[in-house]
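If you use numbering that gives the first Met the number 0, the sequence shown corresponds to residues 0 to 138, in order. All residues carry an ideal CB built from backbone N, CA and C; glycine is no exception. All values reported here derive from a predicted model rather than from experimental measurement.
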Amino acid sequence: MTIFCLLITYQVNAQSQFQKDSSNIQQVLFQQQDAWNNADLDGFMAHYWKSENLQFVSKNGVKYGWQKVYDGYKKNYQDKGEMGKLTFGIISLTAINEQNYILTWSWKVENKSGSPSGYFSLWFKKIGGNWLIVSDHTS
C-alpha cells in the first residue's frame, strides 16, 4: 500500500510540474507573439538560446547560431508592414524530461505580402531557470 501511495504522489507531482512547465512555455510563446505584433524583433528573439549551437531549420536550410537566426529575421522582416500580425495555434506539448519539452504549433502571419502560414516544432530547454528555444523547425 505504501508503494502505491508513493506512486500516486509521484504521478500527481509530475502532472502538477507538467502543468506548470506547460503554462510557462505557452507564456513564452505568447510573449513572442506580442513582441512580433509590436515589431519588436529583439523581444521576439529574447526567448531563443543566445548560443552558436542554436539550430533553426526552414525551407531555406539549416542555420546555426543566435546571430545568424536574428540576421535572417532582420533581413526578411524589415518593418512592421512585413512583420504584420502573427497568430499561433496550439497543437501539442510533450515533456521529454524535466528540462526539455517539444512543442508543435501552427503559425500565421497576415502582412502586406499576404497571409503565409505553416507549422513549427520547438525544442525548449530550461537553461539558467528560463525556458529557451534551442532548436526551431519552421515550415
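1. LYS84 and VAL61 look like a contact to me (Cβ under 8 Å); what is the Cβ gap, rounded to whole Å?
2. In angstroms with no decimal places, state the Cα-to-Cα distance between SER138 and GLY71.
3. Decide if ILE24 is buried, meaning its Cβ has at least 16 other Cβ atoms within 10 Å, or exposed.
4. How would you call TYR69, buried or exposed, if buried means at least 16 neighbouring beta carbons within 10 angstroms?
5. What is the residue span of the beta strand (DSSP E) that ASN110 lies within?
6. Quick one: measure Cβ to Cβ for PHE119 and ASP135, integer angstroms, because I've assumed they're closer than 8 Å.
7. Just how far apart, CA to CA, sit TRP48 and GLN16?
8. Are there 16 or more other CB atoms within 10 angstroms of the CB of ILE126, so buried, or fewer, so exposed?
9. What three-state label does DSSP hand SER114 in the structure shown?
10. Which two residues bound the contiguous alpha helix (DSSP H) that contains GLN66?
11. Count the other C-beta atoms from every protein chain shown that fall within 10 angstroms of the C-beta of ILE132, then say buried if there are 16 or more, exposed otherwise.
Well, looking at it:
1. That belief does not hold up - the Cβ atoms of LYS84 and VAL61 are roughly 28 Å apart, past 8 Å.
2. 15 Å
3. buried
4. buried
5. Careful: ASN110 lies outside any beta strand (DSSP E) and carries neither H nor E.
6. 6 Å
7. 22 Å
8. exposed
9. coil
10. 65 to 75
11. buried
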